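Going down the list, the protein sequences come from chains A and B.
Per the numbering used here, numbering of the first sequence is gapless, rising by one per residue and ending at 306.
Per the numbering used here, numbering of the second sequence is gapless, rising by one per residue and ending at 306.
Comments concern the structure below.
There are 2 protein chains.
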Amino acid sequence: MTDHIRIVEVGPRDGLQNEKLQVPTDLKIRFIEALAAAGLREIEATSFVSPKRVPQLADAEALWPMLSHGPAFSALTPNLKGLERAISLDVDRIAVFTAASETFTQKNINMSIDQSIETFAEMISIFRASRPTGFVRGYVSTAFECPYEGRIDPGQTVRVIEKLLNLGVDEVSIGDTIGVAAPPEVKSLTRLVLNVMSRGKITYHFHDTNGTAIANVAEAMEMGIESFDSSAGGLGGCPFAPGAGGNLATEDLVYFLERCGIPTHVDLYRLATSSLEILKVLGRSPCAKGQLARLSLSGTSPT
Amino acid sequence: MTDHIRIVEVGPRDGLQNEKLQVPTDLKIRFIEALAAAGLREIEATSFVSPKRVPQLADAEALWPMLSHGPAFSALTPNLKGLERAISLDVDRIAVFTAASETFTQKNINMSIDQSIETFAEMISIFRASRPTGFVRGYVSTAFECPYEGRIDPGQTVRVIEKLLNLGVDEVSIGDTIGVAAPPEVKSLTRLVLNVMSRGKITYHFHDTNGTAIANVAEAMEMGIESFDSSAGGLGGCPFAPGAGGNLATEDLVYFLERCGIPTHVDLYRLATSSLEILKVLGRSPCAKGQLARLSLSGTSPT
């Protein structure tokens, strides 16, 4: 097993876009600063998405300049307009978002997969011209199963990944958007994906709807994958995916890695407390196991 | 991978012994019947423990005769007195309970490990004389880590397992009592355990305090283990282990196995609803991922 695993914290973006309530910008900033203080080095901070479509992230322009230095911050740019907003703020790490499922892509971003790829081609060209050393992540959601289409053929997922690679993305984040996958599927898909790309460019984005996320991480690590998305407190889900549960909790991921002897340099207690204020505003109790365990051990009441 | 995994449901015993409130006997019966109706074939129904020590299970005599036929029911018999009570009710599947940690054993059952083994020798001899075809399970708790002593040397765990095997137990349930283990530890311990016993006699009993239980099950299955304890709704913990979280939820285990293509013959929705009445009485919300997912998908409010 490896001695280094990369953690990409997606709570501030993927965690909050799904919530009914809007979180005040200053609270988001405190959340992000707490995540950084806990030791997280890569944080997807927001999305330059249409404020009408995702009002929860309508404060992207206000939030971005307030991010302190330290971690590498990135932002989702779902379309050309979002990219222009990001470029005007000197965002140098962007992410584009498509899916392995045609139906999901249509419902989620109102394009076909091929249309999304054409859009990304133009966006990435503009971004590279503006930020030659910038970093581009490509998301492929519903990589295992779609809430509308059911199981996705791994070959289809690999074809979408190849289209993103042809655009020159720096990495691909492969998402189990509704959190249904189990390790044998992770093994099969990873084997196919490794035929078309190097393992260093692969990130897995697991949701923990059914409690399989850490087992999936373990399986992916067995296959040599060294990068995982997660969300503090297990915040989030997918606003357009019925039945989607929360993201893999960063607390669970960090606990697992540390217990496996892989140093994360993340302070698990600080991490466990980082989302408490947000959860309170959202009217939710902490539910991630690794978070509850830290809060319980520390004597802090989890509710 | 195997095509059959044995599930031993421990919710009615291990799940309820830790609760502050006492659950009425008729509610326990309905819970157990719901578990059986969901398709569970082996259920640890109660413990013939001192009513003073664990008042939650003081109704063992009232409960046992009311269990319907179908599943194989078992009961914990912590000492000679408990065994006598069990024998008088024709219980033919018993379990004895010791630990890999000397301190934990002392605090949990007020004996040294060797004293517990001596007691079990006498008990098993009496039980075999009374029920020649009876089944004896031996629990070894704190197999990975003890809340008092910290990490347990795997060699120590194996030595306790060997002592139980020398008494002629039919199986050993190896417990991560405080739910801290990660897959590499499961792999190391399993490798050592397989040197002293056949895999068919090994059951793992994981707690999910830190979200690693399913990953541990997956690792154990990779090593050929085919039997796991779990508790509906993730009920339970350990009354004498500070910081102990709930058992691995049967819902999570069943979901995982089914998604791996291993038939369990358990109705996941019926299982997910089986503990709801108990949880309500205990004033707790469902928290197991696999349970929440089923309830949410069915439109039943989980809270």
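Every residue, glycine too, gets a C-beta built ideally from N, C-alpha and C.
Computed from a predicted structure; not experimentally measured.
Please report the straight-line C-alpha distance between A/Thr160 and A/Thr215, rounded to a whole angstrom. Taking the first residue of the first sequence as position 1, residue 160 of chain A is located at position 157. Taking the first residue of the first sequence as position 1, residue 215 of chain A is located at position 212. Distance between the alpha carbons of A/Thr160 and A/Thr215: 20 angstroms.
Cβ atoms of A/Glu254 and A/Gly293: under 7 angstroms apart, would you say? Numbered from its first residue, the first sequence carries residue 293 of chain A at position 290. Numbered from its first residue, the first sequence carries residue 254 of chain A at position 251. Against a cut-off of 7 angstroms, the Cβ pair of A/Glu254 and A/Gly293 comes out as a contact.
Three or more beta-carbon pairs under 8 angstroms between the stretch 174 to 190 of chain A and the stretch 252 to 268 of chain B, yes or no? yes
At 8 angstroms on the CB atoms, spell out the chain B contacts of A/Gly293, in chain order. Numbered from its first residue, the first sequence carries residue 293 of chain A at position 290. Here the neighbours are Asn213 and Gly214.
I'd like the span of the beta strand (DSSP E) that includes A/Tyr142, first residue to last. In the first sequence, the residue the question calls residue 142 of chain A occupies position 139. Phe138 to Ser144 is the span of the beta strand (DSSP E), which, as asked, contains A/Tyr142.
Put B/Tyr151 into one of helix, strand or coil per three-state DSSP. In the second sequence, the residue the question calls residue 151 of chain B occupies position 148. Correct three-state label for B/Tyr151: coil.
Scan the stretch 173 to 195 of chain A for residues whose Cβ lies nearer than 9 angstroms to a Cβ of chain B and list them as they occur along the chain. Gly182, Val183, Ala184, Ala185, Pro186, Pro187 and Glu188
7 angstroms is my cut-off, CB to CB: does B/Tyr258 come that close to chain A? Locating residue 258 of chain B in the second sequence gives position 255, counting from the first residue. Judged by the 7 angstroms Cβ criterion, B/Tyr258 is in contact with chain A.
Please list the residues of the stretch 260 to 277 of chain B that have a C-beta atom closer than 9 angstroms to any C-beta atom in chain A, keeping them in chain order. Leu260, Glu261, Arg262, Cys263 and Gly264
Rounded to the nearest angstrom, how far is the Cβ of A/Thr212 from that of B/Ala296, given a contact under 8 angstroms? Position 209 of the first sequence, counted from the start, is the residue given in the question as residue 212 of chain A. Position 293 of the second sequence, counted from the start, is the residue given in the question as residue 296 of chain B. Confirmed, about 5 angstroms.
Contact criterion: CB-CB distance below 7 angstroms. Does B/Asp6 meet it with respect to chain A? For this step, residue 6 of chain B is matched to residue 3 along the second sequence. Cβ-Cβ to chain A under 7 angstroms: no for B/Asp6.
Considering just the uninterrupted stretch of the beta strand (DSSP E) at A/Ile46, what are its terminal residues? The sequence position of residue 46 of chain A within the first sequence is 43, counting from 1. That run of the beta strand (DSSP E) goes Glu45 to Ser50.
Could you give the distance in angstroms between the alpha-carbon of A/Val52 and the alpha-carbon of A/Asn82? Along the first sequence, one-based indexing puts residue 52 of chain A at 49. Along the first sequence, one-based indexing puts residue 82 of chain A at 79. Between A/Val52 and A/Asn82, the C-alpha separation is close to 8 angstroms.
Counting Cβ pairs closer than 8 angstroms, one from the stretch 148 to 155 of chain B and one from the stretch 114 to 129 of chain B, do we hit at least three? no
Taking the CB atoms as reference points, tell me whether A/Gly42 and A/Asp232 lie closer together than 7 angstroms. Looking up residue 42 of chain A in the first sequence gives position 39. Looking up residue 232 of chain A in the first sequence gives position 229. No, the pair does not count as a contact, with Cβ atoms beyond the cut-off.
A/Arg96 versus A/Val139: straight-line alpha-carbon distance, rounded: Along the first sequence, read from residue 1 onward, the residue named residue 96 of chain A stands at position 93. Along the first sequence, read from residue 1 onward, the residue named residue 139 of chain A stands at position 136. C-alpha separation (whole angstroms): 6 angstroms.
From the DSSP output, in three-state form, read off B/Thr215 for me. By 1-based counting over the second sequence, the position of residue 215 of chain B is 212. Here B/Thr215 sits in coil by DSSP.
Please name the residue or residues paired with B/His208 in a DSSP beta bridge. Within the second sequence, numbered from 1, the residue matching residue 208 of chain B stands at position 205. Answer is B/Gly178 and B/Asp232.
Where A/Cys149 meets chain B, residues with beta-carbon distance less than 9 angstroms: In the first sequence, counting from the first residue as 1, residue 149 of chain A sits at position 146. Within chain B, no residue comes near A/Cys149; the closest Cβ sits about 15 angstroms away, beyond 9 angstroms.
In three-state terms, what does DSSP make of B/Asp17? Within the second sequence, residue 17 of chain B is the residue found at index 14, counting from 1. B/Asp17: helix per DSSP, three-state reduction.
Buried/exposed call for B/Glu125, threshold 16 Cβ in 10 Å: In the second sequence, counting from the first residue as 1, residue 125 of chain B sits at position 122. Exposed, because fewer than 16 other Cβ atoms sit within 10 Å of the Cβ of B/Glu125.
Quick one, are the C-beta atoms of A/Phe76 and A/Ala48 less than 7 angstroms apart? The residue given as residue 76 of chain A occupies position 73 in the first sequence. The residue given as residue 48 of chain A occupies position 45 in the first sequence. The answer is yes: Cβ separation under 7 angstroms.
Does DSSP put B/Glu12 in a helix, in a strand, or in coil? Counted from its first residue, the second sequence places residue 12 of chain B at position 9. Reduced to three states, the DSSP call for B/Glu12 is strand.
Could you pull out every residue in the same chain whose Cβ sits closer than 8 angstroms to the Cβ of A/Pro15, ignoring the five residues on either side in sequence? Counting from 1 along the first sequence, the entry for residue 15 of chain A is found at position 12. Lys31, Phe34, Ile35, Leu38, Ile46, Glu47, Ala48 and Thr49, listed in sequence order.
Please classify B/Pro289: is it buried, with 16 or more other beta-carbons within 10 angstroms of its beta-carbon, or exposed? Working through the second sequence from its first residue, we reach residue 289 of chain B at position 286. B/Pro289 is buried by the Cβ-count criterion.
So with Cβ pairs under 7 angstroms, would you call B/Ile155 a contact of chain A? Numbered from 1 along the second sequence, position 152 holds the residue referred to as residue 155 of chain B. No, no contact with chain A.
Quick check on the burial criterion: 16 or more other C-beta atoms within 10 angstroms. Buried or exposed for B/Asp166? Within the second sequence, numbered from 1, the residue matching residue 166 of chain B stands at position 163. Sequence check: residue 166 of chain B is Lys here, not Asp. Answer is buried; the Cβ neighbour count reaches 16.
Alpha helix (DSSP H) segment containing A/Thr101, residue limits: Sequence index remark: in the first sequence, residue 101 of chain A carries index 98 (1-based). Looking at the DSSP string, A/Thr101 is not in any alpha helix (DSSP H); the run it does join, the beta strand (DSSP E), is Arg96 to Ala102.
For a contact defined as C-beta to C-beta under 9 angstroms, what are the partners of B/Asp255 on chain A? The residue given as residue 255 of chain B occupies position 252 in the second sequence. Those are Asn213, Gly214 and Thr215, listed as they occur along chain A.
Assuming contact is defined by CB atoms lying nearer than 7 angstroms, are A/Glu229 and A/Ile8 in contact in what I supplied? In the first sequence, the residue the question calls residue 229 of chain A occupies position 226. In the first sequence, the residue the question calls residue 8 of chain A occupies position 5. Cβ distance < 7 angstroms, so A/Glu229 and A/Ile8 count as in contact.
Taking DSSP as the reference, what is the three-state secondary structure of B/Leu298? Residue numbering aside, residue 298 of chain B sits at position 295 when the second sequence is read from its first letter. Helix at B/Leu298.
7 angstroms Cβ cutoff met for B/Glu222 and B/Val199: Reading the second sequence from its first residue, position 219 is the one you call residue 222 of chain B. Reading the second sequence from its first residue, position 196 is the one you call residue 199 of chain B. Going by C-beta atoms, B/Glu222 is not nearer than 7 angstroms to B/Val199.
Among A/Tyr258, A/Thr101 and A/Thr108, the one whose alpha carbon lies nearest that of A/Tyr142: Position 139 of the first sequence, counting from 1, holds the residue named residue 142 of chain A. Closest option to A/Tyr142, Cα to Cα, is A/Thr101.
Among A/Phe147, A/Ala63 and A/Arg134, which residue has its Cα nearest to the Cα of A/Pro27? Taking the first residue of the first sequence as 1, we reach residue 27 of chain A at position 24. Here the closest residue by C-alpha is A/Ala63.
Cut-off 8 angstroms between Cβ atoms - residues of its own chain near A/Thr1, not counting five sequence neighbours on either side: Coverage of chain A is limited to positions 4 through 306, which leaves residue 1 of chain A absent and any answer about it impossible.
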